[in-house]
Structure formats: structure tokens, C-alpha cells
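A quick write-up on the structure given underneath.
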Amino acid sequence: MLKKYLEIGQIVGTHGIKGEVRINPWCDSPEFLTGFKKLYKDEGRSHFEVTSLRVHHNIVLGKFKGIDTVNDAAKLRDTVLFIDRDDAEIPEGSYFIQDLIGCAVTDVDTGENLGVLGDVSKTGANDVWHIKRGNKEYLIPAIDEVVIETDVENKSIKIRPLKGIFDDED
Numbered sequence: 003m004l005k006k007y008l009e010i011g012q013i014v015g016t017h018g019i020k021g022e023v024r025i026n027p028w029c030d031s032p033e034f035l036t037g038f039k040k041l042y043k044d045e046g047r048s049h050f051e052v053t054s055l056r057v058h059h060n061i062v063l064g065k066f067k068g069i070d071t072v073n074d075a076a077k078l079r080d081t082v083l084f085i086d087r088d089d090a091e092i093p094e095g096s097y098f099i100q101d102l103i104g105c106a107v108t109d110v111d112t113g114e115n116l117g118v119l120g121d122v123s124k125t126g127a128n129d130v131w132h133i134k135r136g137n138k139e140y141l142i143p144a145i146d147e148v149v150i151e152t153d154v155e156n157k158s159i160k161i162r163p164l165k166g167i168f169d170d171e172d
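Shown next as C-alpha cells:
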């Protein structure tokens, strides 16, 4: 089952004297974060009503209802922020990294279990997926030629691995 609330960033400090916070976004684009009217904390148990969100360099500056002084804002430092999955609009074929982690990875041609997706690294050209199998980790490019099918509902990914990636030389 997919999580209802997704980690989206962390409050890392204050901005100005009127209660604005600096948010380090944990998403592909800081602009994605600016479209939400509510941000949650404590894994969705409570929320902030958003007054404004705007991008400033690679940080998002946010103002929440009821947070009106720098002292109020400072108390929120290190707070991890969440969004409600139902409030997020992502393009068809796009996924939240949190949904991909833990998916079983199989070879689309042979059906061989290749491991479990353990992590995703952002690189300039494409993401790199970390596939864990036993005590080993294999890195695969998350490109259309390799990733054939992704089913986050059933925690399953089918790939066509590049030659040599899973050939162990023990």
C-alpha cells in the first residue's frame, strides 16, 4: 500500500523577521513544492496552512498561517514536511522515489529476481537506481532502454539490464 503522506522537504532556517521559513526541498524541482495549500508535519498528524511559497535560488521560502515572528519560525527548524499524496499532481509515468524504494526488480526477459531497489541517486543525465541483492549493490541507469515496466502498486519493477551489470566476477 502506498503511503498517504510523502516527505517533501525540511525546514532549515528562517528568512526575515515576519515568520518566513527556509525549506530545503527534497523533490526534483523546488517549483513543485510551491503548488500546495497545506504542508504536513509528524507524518500527517498535523498541518500548516500555507500563506505563500516561493522559490529563492534552490530553497523554498514559506509563510504559514499563525507563524508571524522570527521566533515562531525558528521553533520549526529541522521539521520534516510532508504532502498529502492526493494533493499532488505528477505526470503519467512519473513516480515518487519513496514509492520505488523496496520494489522487487526482475529481468523482463528471463524472470530472474535481480534484487530490491534500495536507493535512487540523482545525476546530471538520469537517475541511477541502487539494486540490492544479498550483500551486493548494483547500479543501473533509470533510462527507458533499461526500465521496461514500473508497478508501484504491486512493488514490482521489470528491467532489461545492460550487458555485464549483474555478471559477478567472484
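Residue numbers (my numbering): 3 to 172. Virtual Cβ for every residue (Gly too), placed ideally from N, Cα, C.
Query: Close beta carbons around E33, own chain, < 7 Å, minus the five adjacent residues each side; Result: V57
Query: Cut-off 8 Å between Cβ atoms - residues of its own chain near L4, not counting five sequence neighbours on either side; Result: R87, D101, V154 and E155
Query: Runs of beta strand (DSSP E) lying entirely within the region 71-127, each at least 3 residues, in chain order; Result: 82-86, 106-109 and 115-123
Query: DSSP state of L35 mapped onto helix, strand, coil; Result: helix
Query: Those residues which DSSP pairs with V23 across a bridge; Result: T16 and G64
Query: Status (buried if at least 16 other CB within 10 Å, exposed otherwise) for Y97; Result: exposed
Query: Cα-Cα separation between F38 and D89, rounded to whole angstroms; Result: 7 Å
Query: When H49, I10, G68 and T152 are compared against E94, the one with the closest alpha-carbon; Result: T152
Query: Nearest candidate by alpha-carbon position, reference R135, set G120, S54, Y42 and D80; Result: G120
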